[in-house]
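Protein chains in written order, with the working numbering: chain V, 16 to 226; chain P, 1136 to 1376; chain C, 20 to 326. By construction, the Cβ of each residue, glycine as well, lies at the ideal position given by its N, Cα and C atoms. Below: one structure, written as structure tokens.
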């Protein structure tokens, strides 16, 4: 059976898996942003935390997904089997680009601009919100883009722990030695990655104050 | 006139090295004090001690009779206009937003902020219609400095601190800026502390000059006194600068 | 096609990925092999997962014990790579599973009759490709329904039939292959009249072992010779209705091997029946879990095999 025949026969299932995939990536990216951006900000305020936190995020990136799942299965609340564990893993994988880009974006703000902001009587929160984050926005958003595109790609591993998504077709296809089934997962995943990349790139350009 | 700013035996030490002091100095209301000296003489340090970006290692800096240690730094800084080199403008904000920033932080009504910005741009010689919506990188060096001055004046602070604001501007525009700055601050009755390493700029702007060398105050007096003094240390530095 | 990885299902996804990654290289294999094989040595091949490689090493060392020169081409990729290689004479022997040959290579419908499978592969291999099946090694690597040993002891059950009345409360976790295959999950439910507490969590096979051991699942479909069975203290429920097809392991040999190297016949015959399922499990455990070199594990094993 060719890829297109398979797709035509299973379009409802492919569509629902695609939506499931989008959901997995959206939830995990959202959580990764909610954790990674504040963590990146924290690093700019507490330089001593830089080495341990970036080191942790770096090490997480190098753990193979199956091994990471292995670690997560026994953990209460965040572990077990199913979508939740997959999301935890995806969040962990997404942290590095977010923390690193937030940190880099803020630290590369011109010190004179920061001094002017303080000198004009901005509170620390105002300096962060009105100046540093706005100036770092394109760099942070580039980190978001990397994390989301990465999430679409490695989101396929959710299927390794019963988390659903497009990876199911890939795993099933590999088990059945049927490339049409593999492609039914891989092609929509690639399209999702391209769409996410393009969309976020546009947003990134709109937020770029240098435009 | 009362002393608005007062340094009492102030020193500032980093890693055992004194960047400034001990220095005693006072700035009276309405005067334009120029801190003159070579780079590394402690001028910028002295300036930052005034708006509590730095706190003294010893001695006391007081503003309006209150020690900078006791001021809420945010409240203190909003009473003080601050102009630094051109890069101090926020690159992501339009001229209008840069100038209107402190009034907005002080929660002025929007309409009042708009009017204030227009007035200030006019005051520093920039047509609001033409410049309000530009971003800093769309301005010339001199125009950026004018915006910087307008921004510092926005919330009508009684005093201005200026750290070599015209340093990066070409000499012709610079003279013009100096003249305008002098007449503007005179007209508005602002107290100004102005840092420069340029003797001619100091003479052009100051009502009083304080000469710093290696963290020490070697001279303080009027422009006439500065020109007339025979003090060897002053004349040596004067010729050098 | 479906059975191509019958034994490979014992291994993790990584092995499967490697198989498919190597498939495009298939046409290059004869070139590669002819460039370096020598006619005065027996070429031993294996597939690309631990058990096959370990069995290849055992066969190779056994031949060496009989003063035969051996060239190893272990880790060749999947079933098809090995099959094409032995047909083309690029390897002389590798260990295959009867069930894999029956369904993946001969493409015959699944059957649970071990004798019928053996007859079919033995005669067809001889007639079509001049290949001979040597003495079976003694174990059957098939699907194994696994539960925690302490559960088996607490409930006092040994077989799948006995498990049916408890299975209602069990949460199953199965690998993709087991769920997809017609002789996997669906057939199992019918054959034993099983029902579970929930639909199976479909996940990576290797992770399902972990999920079972950690109490996140109560029954999984593993492989009868997997080293994890012993390592994680699991219990294999006996397939008392003989639902799963046989996957007996035996060396497949080129006919001309025994004329070129007469001593090889006796050497391979001596291996017949020497590896029980329990033994194979231990051997896999030594390599997969204890991370010992296959060469060493094979040598130790052969020390206990009569020459």
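Within 10 angstroms of its Cβ, does residue i collect 16 or more other Cβ (buried), or is it exposed?
| i | result |
| --- | --- |
| residue 152 of chain C | buried |
| residue 312 of chain C | exposed |
| residue 52 of chain C | The predicted model places residue 52 of chain C with a pLDDT of 47, which falls under 50 and marks its position as unreliable, so this point remains unresolved. |
| residue 1223 of chain P | buried |
| residue 243 of chain C | buried |
| residue 77 of chain C | buried |
| residue 134 of chain V | buried |
| residue 216 of chain V | exposed |
| residue 326 of chain C | exposed |
| residue 179 of chain V | buried |
| residue 1305 of chain P | exposed |
| residue 196 of chain C | buried |
| residue 1191 of chain P | buried |
| residue 48 of chain V | buried |
| residue 34 of chain V | exposed |
| residue 1169 of chain P | buried |
| residue 139 of chain V | exposed |
| residue 36 of chain V | buried |
| residue 199 of chain C | buried |
| residue 116 of chain V | buried |
| residue 1370 of chain P | exposed |
| residue 80 of chain V | buried |
| residue 227 of chain V | Nothing in the structure corresponds to residue 227 of chain V, since chain V is present only between 16 and 226. |
| residue 1186 of chain P | buried |
Looking only at its chain, what residues have a beta carbon closer than 7 angstroms to the beta carbon of residue i, apart from the 5 residues adjacent to it on each side?
| i | result |
| --- | --- |
| residue 338 of chain C | Residue 338 of chain C cannot be examined here, being either before or after the span of chain C that is shown, 20 to 326. |
| residue 119 of chain V | 154 |
| residue 96 of chain V | 88, 176, 177 |
| residue 79 of chain C | 63, 89, 91 |
Just to confirm, are residue i and residue j a CB contact at a threshold of 7 angstroms?
| i | j | result |
| --- | --- | --- |
| residue 166 of chain V | residue 40 of chain V | yes |
| residue 266 of chain C | residue 210 of chain C | no |
| residue 1167 of chain P | residue 1292 of chain P | no |
| residue 1314 of chain P | residue 1171 of chain P | no |
| residue 89 of chain C | residue 114 of chain C | no |
| residue 69 of chain V | residue 106 of chain V | no |
| residue 157 of chain C | residue 69 of chain C | no |
| residue 43 of chain V | residue 114 of chain V | no |
| residue 1237 of chain P | residue 1267 of chain P | no |
| residue 1248 of chain P | residue 1281 of chain P | no |
| residue 1350 of chain P | residue 1177 of chain P | yes |
| residue 76 of chain V | residue 111 of chain V | yes |
| residue 95 of chain C | residue 72 of chain C | no |
| residue 164 of chain V | residue 212 of chain V | yes |
Can you list, in chain order, the residues of its chain with a C-beta nearer than 8 angstroms to that of residue i? Leave out the 5 residues immediately preceding and following it.
| i | result |
| --- | --- |
| residue 17 of chain V | 195 |
| residue 170 of chain C | 237, 254 |
| residue 1173 of chain P | 1332, 1348, 1372, 1375, 1376 |
| residue 131 of chain C | 261, 262, 263, 264, 265 |
| residue 1202 of chain P | 1195, 1196 |
| residue 231 of chain C | 165, 166, 167, 192, 237, 238, 239, 251, 253 |
| residue 323 of chain C | none |
| residue 1225 of chain P | 1232, 1233, 1236, 1271 |
For residue i, I'd like the list of residues in its chain whose CB is within less than 6 angstroms of its CB, leaving aside the five on either flank, ordered along the chain.
| i | result |
| --- | --- |
| residue 1360 of chain P | none |
| residue 124 of chain V | 147, 150 |
| residue 1343 of chain P | 1166, 1168, 1357 |
| residue 1325 of chain P | 1295 |
| residue 186 of chain V | 174 |
| Positions along the stretch 129 to 162 of chain V whose CB lies within less than 7 angstroms of some CB in chain P | Residues of the stretch 129 to 162 of chain V with a C-beta atom less than 7 angstroms from some C-beta of chain P are 130, 131, 133, 134, 135, 136, 137, 138, 141, 146, 149, 150, listed in chain order.
| 4-residue-minimum alpha helix (DSSP H) runs that sit fully inside the stretch 1179 to 1203 of chain P, ordered along the chain | Entirely contained in the stretch 1179 to 1203 of chain P, not one alpha helix (DSSP H) run reaches 4 residues.
| task | Would you list, in chain order, the members of the stretch 22 to 45 of chain V that have their beta-carbon closer than 8 angstroms to a beta-carbon of chain P? | result | none
| field | Any alpha helix (DSSP H) of 4 or more consecutive residues that is wholly inside the stretch 22 to 81 of chain V | value | 26 to 60, 65 to 77
| said: What ranges does the alpha helix (DSSP H) occupy inside the stretch 195 to 269 of chain C, keeping only unbroken runs of at least 4 residues that lie completely in it? | reply: 195 to 199, 204 to 211, 224 to 232, 246 to 250
| request: Output, in sequence order along the chain, the residues in the stretch 1218 to 1233 of chain P whose CB is closer than 7 angstroms to any CB in chain V. | output: 1219, 1220, 1222, 1223, 1225, 1226, 1227
| request: Identify every run of the alpha helix (DSSP H) within the stretch 107 to 186 of chain V, keeping only runs that are complete inside it and at least 4 residues long; order them along the chain. | output: 126 to 134, 148 to 169
| query | In the stretch 172 to 184 of chain V, which residues sit with their C-beta less than 7 angstroms from some C-beta in chain P, listed in chain order? | reply | none
| task | For the stretch 102 to 164 of chain C, list the alpha helix (DSSP H) runs that are entirely contained and at least 4 residues long, ordered along the chain. | result | 133 to 148
| request: With 9 angstroms as the C-beta to C-beta threshold (strictly closer), list the residues of the stretch 1189 to 1218 of chain P near chain V in chain order. | output: 1208, 1209, 1210, 1211, 1212, 1213, 1214, 1215, 1216, 1217, 1218
| task | Compile a chain-ordered list of the residues in the stretch 97 to 114 of chain V whose CB is closer than 7 angstroms to at least one CB of chain C. | result | Within the stretch 97 to 114 of chain V, the qualifying residues are 97.
| request: Entirely within the stretch 1249 to 1337 of chain P and at least 3 residues each: give me those beta strand (DSSP E) ranges in chain order. | output: 1294 to 1298, 1326 to 1331
| query | Closer than 9 angstroms, Cβ to any Cβ of chain V: which residues of the stretch 1157 to 1187 of chain P, in chain order? | reply | 1183, 1186
| Chain-ordered residues of the stretch 1236 to 1262 of chain P with a beta carbon less than 8 angstroms from chain V | 1236, 1237, 1240
| query | Can you list, in chain order, the residues of the stretch 199 to 224 of chain C whose Cβ is nearer than 7 angstroms to any Cβ on chain V? | reply | 199, 220, 221, 222, 223
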